[in-house]
Amino acid sequence: MSARVLLLGGTGDALRIARALGPEHVYSLAGLGRVPADLSCAVRVGGFGGAPGLARYLADEGIGCVLDATHPYAAQISANAARACEQAKLPYWALRRAPWQPQPGDDWRWVDDWAGVVEAIKPYARVLFTLGREPLAHLGEVPLHQHWTVRCLDAHPGHARAQVIDARGPFTAEGERMLFKTGRYDVIVSKNSGGAATGAKLGVAREMGLPVVMVKRPSLPPAQREFASVQEVLDALADLNQRKIDA
Ligand code: NAP
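378 is the number of the first residue of the sequence shown in my numbering; add one for each residue after it.
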């Protein structure tokens, strides 16, 4: 097997892995966020054109292994990667970040999707969305009795009943406490992303007795190897590199 790795990214964890990759490897981004310019590995930006496009890319570029370190809610690219690897008979490896687990005192309301979010937040007036850019597409639908604050990576002017805070994690408990107090939110909306960078909000919501509307994780395809941490991935890549040197 070629030891050339295609790393699918778009997360802080993926960037940490990309920083450890040498020039023969490729780091791939969808192109929605910042593109790092200080990596040793190659960086490519933009979609592949679904699973067939990705399968073609893998063959054309002589990729030997796909490592999926995309966000746990980026289900489409993960499904495409698993399918393309199956077609190309290549290993599909994935970093699967563990979800957050509710703690005693948490009041989490599980929903499946955006329709579930809208239903669950109906009783509340001041809503803080911390699940990415999705609410931006619905700013025209803020009910008259609500005010929305949307924290995401995009700048947006908002309007009288919607404020957009463009901010990038990691977020500290102290910062979240300050934000929640200033915003006087009644409810927080979140994905169950897992990891330390954005998890402080949950502890602060617990402290302040705030309900959290939690969007369930999508199902992801099984991988030949699944890693629970960036360190596990780095160990596996070092091993792959060693085998190449020994061969
Ligand atoms: P998605 O729904 O799974 O993917 C949509 C399409 O974007 C894919 O079909 C693919 O296009 C392209 N794509 C996604 N990730 C790519 C990558 N790493 N390299 C090349 N093309 C990629 O993904 P999403 O939820 O829109 O997320 C987009 C990116 O943002 C992902 O890389 C993800 O890691 C990151 N991100 C997502 C979230 C989230 O909550 N969803 C949060 C933080 C970061 P083609 O079909 O044309 O190949």
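All C-beta atoms, glycine included, are put in the ideal place defined by N, C-alpha and C.
heavy atom of the ligand NAP below 7 Å from residue i C-beta
i, result
"T388", "yes"
"L416", "no"
"Q480", "no"
"A537", "no"
"K578", "no"
"H448", "yes"
"L385", "yes"
"N457", "yes"
"L409", "yes"
Alpha carbon of residue i to alpha carbon of residue j, nearest angstrom
i, j, result
"A600", "C442", "12 Å"
"L694", "C529", "With the chain covering 378 to 624 only, the question about residue 694 has no answer from this structure."
"T575", "E609", "21 Å"
"P413", "D531", "17 Å"
"G423", "A407", "5 Å"
"A471", "A492", "29 Å"
"R381", "R411", "24 Å"
"A346", "K558", "Outside the displayed range of the chain (378 to 624) lies residue 346, so it cannot be described from this structure."
"A537", "F506", "16 Å"
"L614", "R396", "12 Å"
"K499", "P481", "25 Å"
"Q467", "A582", "Here residue 467 turns out to be Leu, not Gln, going by the sequence shown. Rounded to the nearest angstrom, the two C-alpha atoms are 43 Å apart."
"I440", "L409", "24 Å"
"E463", "I454", "14 Å"
"K578", "V504", "14 Å"
"A451", "P595", "8 Å"
"H524", "G427", "38 Å"
"A502", "R554", "19 Å"
"V420", "L444", "14 Å"
In DSSP terms, what residue i is bridged to
i, result
"I565", "L505, V589"
"I542", "R528"
"S405", "L385, R421"
"D445", "L385, A471"
"R602", "W470"
"H533", "DSSP lists no partner for H533."
Enumerated in chain order, which unbroken segments of the beta strand (DSSP E) with a length of 3 residues or greater are wholly contained in the segment 465-502? 469-472, 485-488
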